[in-house]
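A short write-up of the structure that comes next.
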Amino acid sequence: MSHPLYVAFIWHQHQPLYTTPLHLVQGRSSRGHDRPRNSAFRSPGTDPTPLGDRLTASRESILDPTAEPNYRLPWVRLHGTKDYLDLVLLLQEFPHLHQTVNLVPSLMLQLQDYAEGKALDPYLALTLQSVQHLTLEQKCFIIDHFFDANHRTLIAPHRRYQALYQQRQEQGQRWCLDHWKQRDYGDLLAWHNLAWIDPLFWSDPEISEWLDRGQGFTLGDRRRIWAKQQEIIKRIIPHHRALQNKGQLEIITSPYSHPILPLLADNTVGRVAVPAMVLPQNQFRWPADIDRQLRKGWEMYQDYFDRDPLGLWPSEQSVSPAILNHVARQGFQWLCSDEGVLGHTLQRFFHRDSQGFVKQPEFLYRPYRLSTPEGELAMVFRDRHLSDLIGFTYSAMPPTQAANDLVEHLQGIAHNLKGNQASQSSSLDEPWLVTIALDGENCWEFYAQDGRPFLETLYQTLSHEPRLQLVTVAEFLEKFPPQVTLPASQLHSGSWVDASFTTWIGDPIKNHAWDLLTAARQVLANHPEATEETNPIAWEALDAAEGSDWFWWFGEGHSSNQDAIFDQLFREHLRILYVALGEPVPAALDNSLDRHAKTTDHQPLNLIHPIIDGRRDDHNWDEAGRLELGGSWGTMHRASAIQRLWYGVDHHYLYLRLDMLTGVKPGIDCPPELHLFCFYPDRTGHNSPIPLANVPNQAPLNYLYRHHLKVHLLYQSVRFLEAVEYSLWQPRLSYAKVAVDECIELAMPWTDLDVGPDWPMSLVMVLARNGQFQNYLPEDQLLTLRVPPIAT
């Protein structure tokens, strides 16, 4: 029997709990117990009452200017208007394409609150307040936080929003406080909300009028904008439910508050992947919490969708042998994780060729069976490379090129699988499954029009490609049950981040948080009378504190301008637990876990995909590596022309950015030539010395290099050379990009360098004038990184 290549997209929709357990419990009791959540999410067209009248009652409480926010951050609301509904609306236009979406319970709870008008975050509170009554503190908050959006895709396309942004960036907060009028604050409040409405809804007459007008927004306008946001949020669950009932969509779930289940079972499991990991002082070992988190997620799913879930997205795709019995006992049929976990389990790590194709595809592109005392489970493992291309790389490419690249990768996988068949058939003899699983909300902020052109092109192409068939995971498993068994005891303990748990444990700050959680959990265990029925607030507080997101942001590895709020929320959950039990609150919960100072030098945090336009758009570089130069390096420090170096990679390019002082002119205030030299340790090939005059005989300037990119900053031109025999250099064609404006930005294609995945790379940059050495950076060191899997 011949088969197409089956492809399963799994979109993960998640937000942590931004509200308090006290609010959740009170809200739940006020709704009653007769499946109330469905009532808040009416199907489109089922209520003839005009939208304004329909929302009046639910808005009364939050329109009160004296109301206190009960949510700390706005991301459920803003992503709710930009990223959840449009994904399924686009999909339903292509009925033969089936996909899977994970809706995390903590997200659905909070969408419910916004749909019912019971959620009020500080951003929304200010939006619905008259600008005449803004305090100085509120004005500072608006100036600092109402540009919390991707500059290139959400701010720059809107003239008025961009003008306000430029004033804030160029003149500073103090100038804005001194010069802005009430209309400026009113417009900024409106634009922060308008920009987060997905372009799919811009054809709405009211939204279209606001976008065209661009300014002069009144309090009445802002109230109507919120009404539009709420209308969109109300449609999210019904559209997901309708598409699942039609069979085009499979909705799956996660543990209730998105905890790392293996760490709840026993947080010493972190040493499986990292044997030398420094653990918290006290062991957290509460496997019963796994059952509760799974049960609450399961029951919520039943309430919203009137059926049992089949699939489980374990939080952060974190798995271990210890969680499998719990998952099977609850009734789940399948779960997903990352290729790194499978590689460690099989001891067959998925090396890729220079085009990014797995060298042994038959091990990755199939489901596996795991047997437990509670029943059998199926497990699929995502292709990390393809998932990361959508998540981090394609947003920087033209939509058609990006969509074609993904389809060509899938066709290439099918070609490679055919090449391994015993038969000479031109079609696939077996039903292989490629799993593409990724965050379904955050990546679209980097795409033009929130990813709509890319997805539409991709879906149109896939609709006309009979050799590729999109399926839900459940329908594939029903037709083609797993034929290969993984011993459950041999399953690797890890996550989709480096197949380990280092993102959530092992750092001193993370470990301190675990010790606080462990202490609180023991106090709750000391109160057997406090059950979920008799003391729901204490248990809700524990569930919230067990969520993964707090540990993600604690310590090293990830940072944002809202770290302090995540710190506060975690400690607040624990404080509520103690208060609900009538126990004294430990003094440690009064103090922040970290100082939350702004970081300076750091390594890259993730793949990046900036636009090379010479503009200082930090949002596009916030996960890049960074080195502060202005205060640390010799002669360049004295000149103080270049202050900072940013660096990072994606599957197509090496990216570099140099920040100059305002007003610095290349060729006048700093040398006009920038030379990039790189070599590859432990890789054979010709290497040659730096071909400039007066180069000091000191490391690393006296090293030999493989490639040389010369950038003329005045003309923004490039010349690329490769080392050849006899220490000489030979010109080669290059497609490098350079832009010089507010900063110097450079993108060097990996294909120019002819390197392979995971190659080590060392580089140095030299400033010169007329071929004469002037300075170099970073001083006394090389910039080191590794080449990622390379896209074709």
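Numbering-wise, this note's numbering comes out as the position in the sequence shown, counting from 1, plus 5.
Backbone N, C-alpha and C fix where the C-beta goes; we use that ideal spot for every residue, glycine too.
Reference residue i; option with closest CA among the options
i: Ala525; options: Ser722, Asp203 and Pro591; result: Pro591
i: Glu367; options: Thr377, Ser376, His356 and Ile241; result: His356
i: Asp153; options: Trp201, Val109 and Phe575; result: Trp201
i: His184; options: Trp558, His150 and Lys144; result: Lys144
i: Leu482; options: Val12, Asp192 and Ala120; result: Val12
i: Thr462; options: Leu438, Asp410 and Asn447; result: Asp410
i: Gly191; options: Ile147, Val439 and Leu632; result: Ile147
i: Ile257; options: Lys715, Gln703, Arg791 and Trp16; result: Trp16
i: Gln435; options: Gly445, Leu422, Ile441 and Ala442; result: At residue 435 the sequence reads Glu, which differs from the Gln that was named. The candidate whose alpha carbon is nearest that of Glu435 is Leu422.
i: Asp763; options: Asp687, Asn699 and Asn155; result: Asp687
i: Ile514; options: Pro794, Pro285, Ala72 and Val93; result: Pro285
i: Phe571; options: Trp558, Leu772, Tyr583 and Leu315; result: Trp558
i: Asp664; options: Gly619, Val109 and Arg229; result: Gly619
i: Ser494; options: Ala479, Asp296, Val439 and Thr350; result: Thr350
i: Pro127; options: Phe151, Leu632 and Ser213; result: Phe151
i: Asn155; options: Asp627, His28 and Pro267; result: Asp627
i: Asn707; options: Pro694, Asp622 and Leu718; result: Pro694
i: Arg360; options: Met766, Asp759 and Arg791; result: Contrary to the premise, residue 360 reads as Gln rather than Arg in this sequence. Comparing Cα positions, the closest option is Asp759.
i: Leu95; options: Asp455, Ala401, Pro162 and Ser135; result: Asp455
Separation of residue j from residue i, as counted between CA atoms
i: Gln338; j: His19; result: 21 angstroms
i: Pro21; j: His84; result: 12 angstroms
i: Pro783; j: Val769; result: 7 angstroms
i: Gln352; j: Leu496; result: 11 angstroms
i: Tyr781; j: Trp544; result: 58 angstroms
i: Lys484; j: Gln104; result: 16 angstroms
i: Arg36; j: Glu121; result: For Arg36, the predicted model reports a pLDDT of 41, less than 50, meaning its position is unreliable and no value from the coordinates is stated.
i: Asp358; j: Gly761; result: 8 angstroms
i: Leu697; j: Gln777; result: 6 angstroms
i: Ala195; j: Ala124; result: 19 angstroms
i: Tyr119; j: Gln235; result: 7 angstroms
i: Ala549; j: Ser262; result: 6 angstroms
i: Lys742; j: Ile673; result: 23 angstroms
i: Thr539; j: Ile581; result: 15 angstroms
i: Trp231; j: Arg374; result: 47 angstroms
i: Ile441; j: Asp311; result: 27 angstroms
i: Gln298; j: Val346; result: 23 angstroms
i: Ala773; j: His614; result: 28 angstroms
i: Leu612; j: Gly177; result: 30 angstroms
Terminal residues of the alpha helix (DSSP H) in which residue i lies
i: His331; result: Pro326 to Gln335
i: Arg389; result: Arg389 to Asp393
i: Glu800; result: Any property of residue 800 remains undetermined from this structure, which presents the chain solely from 6 to 797.
i: Gly302; result: Ala293 to Phe310
i: Tyr119; result: Pro110 to Ala120
i: Thr477; result: From DSSP, Thr477 is part of no alpha helix (DSSP H); its letter is neither H nor E.
i: Ala536; result: For the record, residue 536 in the displayed sequence is Thr; it is not Ala. Neither: Thr536 is in no alpha helix (DSSP H) and is coded neither H nor E.
i: Asn421; result: Pro404 to Gly424
i: Phe459; result: Arg457 to Ser468
i: Asp520; result: Pro513 to Ala530
i: Asp813; result: The first residue shown for the chain is 6 and the last is 797, placing residue 813 beyond what the model contains.
i: Arg357; result: Here Arg357 belongs to no alpha helix (DSSP H), and DSSP marks it neither H nor E.
i: Pro366; result: Pro366 to Leu369
Residue i: first and last residue of the uninterrupted beta strand (DSSP E) it sits in
i: Gln742; result: A quick correction: the sequence has Lys, not Gln, at residue 742. First-last of the beta strand (DSSP E) with Lys742: Lys742 to Val745.
i: His138; result: Counting along the chain, His138 falls outside any beta strand (DSSP E), and DSSP gives it neither H nor E.
i: Tyr781; result: Gln777 to Leu782
i: Tyr11; result: Leu10 to Gln18
i: Ser342; result: Trp339 to Asp343
i: Trp734; result: Leu733 to Arg737
i: Ser767; result: Pro765 to Arg774
CB contact below 9 angstroms: residue i versus chain B
i: Glu73; result: In the structure shown, chain B cannot be found, because there is only a single protein chain.
Cβ-heavy atom distance, residue i to the ligand ZN, below 8 angstroms
i: Leu719; result: You won't find the ligand ZN in this model; it holds no ligand whatsoever.
Expected contact under 8 angstroms - CB spacing of residue i and residue j to nearest Å
i: Ala453; j: Thr756; result: So it is not a contact: roughly 24 angstroms between Cβ atoms.
i: Leu443; j: Gly396; result: 5 angstroms
i: Gln187; j: Gln137; result: 6 angstroms
i: Leu467; j: Val502; result: Between Val502 and Leu467 the Cβ distance is about 29 angstroms, and since that is not below 8 angstroms, they are no contact.
i: Arg227; j: Thr132; result: 5 angstroms
i: Asp91; j: Leu216; result: With a Cβ gap of about 16 angstroms, Asp91 and Leu216 do not count as contacting.
i: Glu255; j: Val93; result: That pair is no contact at about 12 angstroms.
i: Tyr370; j: Val439; result: 5 angstroms
Margin query: Suppose only complete runs of 4+ residues qualify. What are the alpha helix (DSSP H) ranges in the segment 173-254, listed by chain order?
Written below: 178-184, 187-199, 210-218 and 224-251
Checklist line | Complete alpha helix (DSSP H) runs within the segment 577-637 (minimum length 4 residues, chain order) | finding: Correct list: empty.
Item checked: beta strand (DSSP E) runs wholly inside the segment 637-702, at least 3 long, in chain order -> 647-654, 658-665 and 678-684
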